[in-house]
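Chains C and A, in that order, are what the protein sequence lines are. Residue numbers for the first sequence follow UniProt numbering, beginning at 1 and rising by one. Residue numbers for the second sequence follow UniProt numbering, beginning at 1 and rising by one. Where a beta carbon is used, it is the ideal one built from N, C-alpha and C, also for glycine. Report on the structure given below.
There are 2 protein chains.
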Amino acid sequence: MIPPMVSASTSPAGSVGYVETQYLDLPKPVQLDCGQELHPIRVAYETYGTLSPERDNVILVCHALSGDAHAAGFSKTPPQASTRDGFGAADRDGSAGSGLGWWDGMIGPGKAFDTDRFFVVATNLLGGCSGTTGPSSIDPATGKPYGSGFPVITVADMVRTERAFLDVLGIERLAAVAGGSLGGMQALQWAILFPDQVDAIVVIASTHALHPQGVAWNAIARNAIMGDPAWQGGHYYGTGRAPDAGMGVARMVGHVTYLSAPALDGKFGRRLQFADDIRYTIAEPEFEVESYLRHQADSFVKRFDANTYLFTSRALTYFDLARQHGGGSLARALEPVSARTLLIAFSSDWLYPPSASEEIEEALRALGKPVEFQVIEAPYGHDCFLLEEARQTPLIRHFLAER
Amino acid sequence: MIPPMVSASTSPAGSVGYVETQYLDLPKPVQLDCGQELHPIRVAYETYGTLSPERDNVILVCHALSGDAHAAGFSKTPPQASTRDGFGAADRDGSAGSGLGWWDGMIGPGKAFDTDRFFVVATNLLGGCSGTTGPSSIDPATGKPYGSGFPVITVADMVRTERAFLDVLGIERLAAVAGGSLGGMQALQWAILFPDQVDAIVVIASTHALHPQGVAWNAIARNAIMGDPAWQGGHYYGTGRAPDAGMGVARMVGHVTYLSAPALDGKFGRRLQFADDIRYTIAEPEFEVESYLRHQADSFVKRFDANTYLFTSRALTYFDLARQHGGGSLARALEPVSARTLLIAFSSDWLYPPSASEEIEEALRALGKPVEFQVIEAPYGHDCFLLEEARQTPLIRHFLAER
């Protein structure tokens with residue numbers, strides 16, 4: 001039942017090598033915040049490095065909105081049509097369709113999450129569409145995909161699922177939980193729900209509660225999907241139609257919020273598709289940035305499920321530690337935390353701004369908890385957490401060496 | 001043929017009183033940038049104040065993306081269901097559906113554009129949906145609405161139409177052209193196309209060329225509309241269906257870009273619709289800001305035509321003075337300008353940031369042209385141009401008194 005603990009060879013230098021996503025069925029239902037129990041649950045996961053005999057070197061890596069379990073190394077699955085164009089980290093926050101893991105620059109021998117030392121585990125989150133049970137999975141009660149009937153999940157539900165998954169692997173304690181964006185939310189949630197089982201958390205480009213503008217962007221994305229008639233009330237599986245137009249718009253909105261205005265300016269400026277002049281068209285892209293957005297939308301809809309986008313987006317807007325755990329007080333919510341905390345934010349990230357991490361730092365510090373907060377000056381916006389590997393690496397390695 | 005020059009009574013103090021939108025058919029075709037000639041063209045307009053015998057006191061006021069000719073006073077047309085909720089200026093950038101003009105706080109006796117002194121003229125722009133010829137107008141060649149067959153227009157085409165309209169009114173010179181956002185683009189375009197006929201321009205919260213992120217937001221909005229199957233390739237008139245879902249998403253995107261993140265935070269925070277707790281729903285609004293956006297979308301689609309949104313949005317992304325008139329150089333583009341220039345920007349406006357106005361100021365100053373640039377510290381983002389009447393008024397009054 002327990003899968004092999006060493007799953008990745010280490011062929012190219014600094015890489016975990018070729019990996020294969022594995023799958024595990026949880027033996028028991030997971031109790032959800034909404035009051036429902038969910039069963040069965042399958043979890044897709046990958047592991048990198050070697051579990052120590054004491055089982056005390058485990059790092060759980062949590063992915064962001066559109067990611068998956070393939071965090072590092074080269075997929076053994078033949079890559080589908082690549083969505084990479086050399087620019088955007090947004091292409092990497094989900095790796096399906098490309099061979100390289102979405103955080104490959106951070107996980108491997110000698111890297112930030114050093115697989116010479118740590119046993120790194122990555123799962124696809126609850127509600128996902130890359131192997132873990134989600135809206136596209138079969139509801140045993142009906143024999144059909146859940147669709148919009150999937151229970152409305154929270155970040156805490158994702159974390160409870162990860163906890164249940166690690167139980168099956170026989171892993172009780174975590175040396176660290178780490179993630180960016182929604183992944184950072186999961187790390188924070190771990191430290192509150194299971195304080196005695198987490199030694200450290202690495203929370204990157206994240207927050208204790210998304211600000212109202214971020215809530216608004218997410219609402220727009222969900223409205224775009226649900227307003228697409230092909231969504232069909234969430235039951236589009238098997239109909240031959242999917243809300244690709246709405247998903248495309250959702251992805252475009254997300255994409256622009258992941259980048260900074262100066263990054264867009266530096267990459268595209270106002271350059272036209274056809275350098276000679278405008279062509280007087282409303283239907284076709286005229287500017288390079290317009291064409292780029294369409295390309296991002298087109299490739300995203302091929303690899304990602306619209307309902308997973310809806311449920312995951314909803315979960316990250318719900319996430320609010322003060323409301324959930326502190327009766328409105330962030331300090332009270334963080335009281336149970338015993339993990340050492342590393343917070344990293346990026347100066348140009350306007351979706352998860354440094355101020356949000358600073359609020360966490362201040363609350364933890366006031367409680368006398370060990371916390372370190374680093375702001376990296378970098379121009380690429382929220383996507384920095386996937387791009388700025390070189391500057392995150394020494395901070396994380398140093399933090400993890402202290403334990 | 002020439003309509004009455006005094007069209008508004010002045011009943012409430014400081015108000016131009018009750019007004020009625022008037023209509024005028026241009027006698028000749030307008031030559032468009034795309035190469036086509038457009039005929040016939042009807043222009044919807046309102047006037048406030050009294051034309052001087054010398055016809056030298058005319059201010060043309062130009063509206064933004066979703067505005068109309070009803071800039072000041074109370075509409076004699078009974079107001080439709082009001083979209084006003086007391087917060088957003090965005091409700092006022094088009095006044096249809098509410099009795100009060102979209103810039104009523106700025107136009108009237110003793111106001112910024114003082115109707116005791118000036119004869120203020122406001123038109124609905126070319127391509128509009130509030131009385132001026134646009135995509136919903138009948139194409140004489142087919143006897144059906146133009147739809148997406150309407151010629152792809154530019155800001156210069158809007159200005160040429162305004163020029164032709166004023167010709168009919170017998171107005172040769174303008175004491176000033178004024179506007180915010182797309183309205184400010186028109187003012188700049190006037191000063192370049194007709195330098196000998198414009199004494200001054202007042203350019204508020206505007207730019208010489210939208211930055212790439214702004215181009216991206218507009219592309220997303222247009223994609224949302226055109227991706228709605230109810231758009232039907234742009235020929236939805238008379239079908240009983242319109243791309244309301246796509247337009248709603250477009251409006252939500254616009255709305256968030258018009259406001260600043262702190263303004264959204266101050267107005268809504270993360271307050272829930274139902275204060276007790278979340279309700280675990282993806283389909284229904286949970287946060288006040290989500291509900292607000294839906295309300296904005298719902299009321300906008302009732303009053304605004306989707307094709308007008310597409311053509312106007314395209315025109316404002318095309319607008320690029322350096323490309324159009326300077327071979328890539330803003331300074332060269334501004335060389336013909338002889339109008340005195342007042343530029344006003346708002347500190348929190350991230351869609352039309354102060355830096356854009358500063359570039360115009362520096363270029364004009366280097367050319368030795370008279371220019372004044374004021375940045376108003378205010379938190380409401382791009383919407384400030386509709387909200388910050390009290391602080392704009394003395395700047396504009398002082399500037400206009402200098403002539």
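Buried versus exposed call for residue i [16 or more other C-beta atoms within 10 Å across all chains shown]
i, result
"S338/A", "exposed"
"R271/C", "exposed"
"A122/C", "buried"
"Y258/C", "buried"
"D199/C", "buried"
"P140/A", "exposed"
"I138/C", "exposed"
"E377/A", "exposed"
"Y23/A", "exposed"
"R241/C", "exposed"
"A261/A", "buried"
"A283/C", "exposed"
"T161/A", "buried"
"E54/A", "exposed"
"K111/A", "buried"
"T361/C", "A quick correction: the sequence has Glu, not Thr, at residue 361/C. Burial call: buried."
"P27/C", "exposed"
Contact set between residue i and chain C, taken where Cβ atoms lie within less than 9 Å
i, result
"S148/A", "I282 and A283"
"E268/A", "Rather than Glu, the amino acid found at residue 268/A in this sequence is Phe. Neighbours of F268/A on chain C, chain order: P212, V215 and A216."
Cβ shell of residue i (< 7 Å), same chain only, five flanking positions each side left out
i, result
"F87/A", "Low local confidence applies: a pLDDT of 30 at F87/A is under 50, so the model's placement there is unreliable, and no value is given."
"T115/C", "V16, Y48, G49, I107, G108 and P109"
"R163/A", "F194"
"A366/A", "A331"
"R279/A", "E286"
"I220/A", "V253"
"E359/A", "H208 and L330"
Cutoff 6 Å; reference residue i; Cβ partners in own chain excluding five residues on either side
i, result
"F300/C", "R251"
"L65/A", "L182 and T312"
"V249/A", "A224"
"T207/C", "Y352 and A356"
"residue 410/A", "Residue 410/A is absent from the structure shown; chain A starts at 1 and stops at 403."
"L316/A", "L182"
"G134/A", "G127, G128 and T308"
"R340/C", "A200 and P370"
Same chain, Cβ closer than 8 Å to residue i, neighbours up to 5 away in sequence not counted
i, result
"Q36/C", "P151"
"A156/A", "D33, Q189, L193 and Q324"
"P354/A", "A345, F346, S347 and V375"
"V19/A", "S7, A8, E46, Y48, H70, A72, G73, F74, S75, K76 and G101"
"L264/A", "V256 and V289"
Chain-ordered neighbours of residue i on chain C, where CB pairs are closer than 7 Å
i, result
"R222/A", "I282"
"P229/A", "P229"
"M158/A", "Within chain C, no residue comes near M158/A; the closest Cβ sits about 15 Å away, beyond 7 Å."
Interface residues of chain A facing residue i [CB-CB closer than 7 Å]
i, result
"H211/C", "A261 and D265"
"Y352/C", "Going along chain A, no residue has its Cβ under 7 Å from Y352/C, so there is no contact; the nearest lies around 12 Å."
"D320/C", "R270"
"R314/C", "I282"
"L310/C", "I282"
"A245/C", "G227"
Residues that residue i contacts on chain C, provided the C-beta gap is smaller than 8 Å
i, result
"E290/A", "V215, A216 and A219"
"G248/A", "N223 and G227"
"M252/A", "A216, A219, I220 and N223"
"V256/A", "Q213, A216, W217 and I220"
Interface partners of residue i on chain A, CB under 8 Å
i, result
"C34/C", "Y280"
Under 9 Å by beta carbon: chain A residues contacting residue i
i, result
"L293/C", "A216, A219, I220 and N223"
"G168/C", "A small correction: the amino acid at residue 168/C is Val; Gly does not occupy that position in the sequence shown. Correct list: empty, because the minimum Cβ distance to chain A is about 27 Å."
"F287/C", "P212, V215, A216, A219 and T317"
"V337/C", "Those do not exist, as V337/C stays about 21 Å from chain A at its closest Cβ, beyond 9 Å."
Enumerate, from N- to C-terminal direction, the unbroken beta strand (DSSP E) stretches of 3 or more residues contained entirely within the region 310 to 368 of chain A. As far as the region 310 to 368 of chain A is concerned, its whole beta strand (DSSP E) runs of at least 3 residues are 340 to 346.
Using 8 Å as the cut-off, can you tell me whether the region 53 to 64 of chain C makes contact with the region 163 to 171 of chain C, which would need three or more C-beta pairs spanning the two stretches below that distance? yes
With a cut-off of 8 Å, do at least 3 Cβ pairs link the region 379 to 393 of chain A to the region 348 to 362 of chain A? yes
List in chain order: all unbroken beta strand (DSSP E) runs of 3+ residues lying wholly within the region 30 to 76 of chain A. Within the region 30 to 76 of chain A, the complete beta strand (DSSP E) runs of at least 3 residues are 42 to 48 and 58 to 62.
At 4 residues or longer, and completely inside the region 100 to 182 of chain C: list those alpha helix (DSSP H) runs for me, N to C. 155 to 168
Would you list, in sequence order, the uninterrupted beta strand (DSSP E) runs of no fewer than 3 residues that lie entirely inside the region 221 to 294 of chain C? none
Counting pairs of beta carbons, one from the region 240 to 247 of chain C and one from the region 291 to 309 of chain A, are three or more of them closer than 8 Å? No: the two stretches stay apart, fewer than three of their Cβ pairs being nearer than 8 Å.
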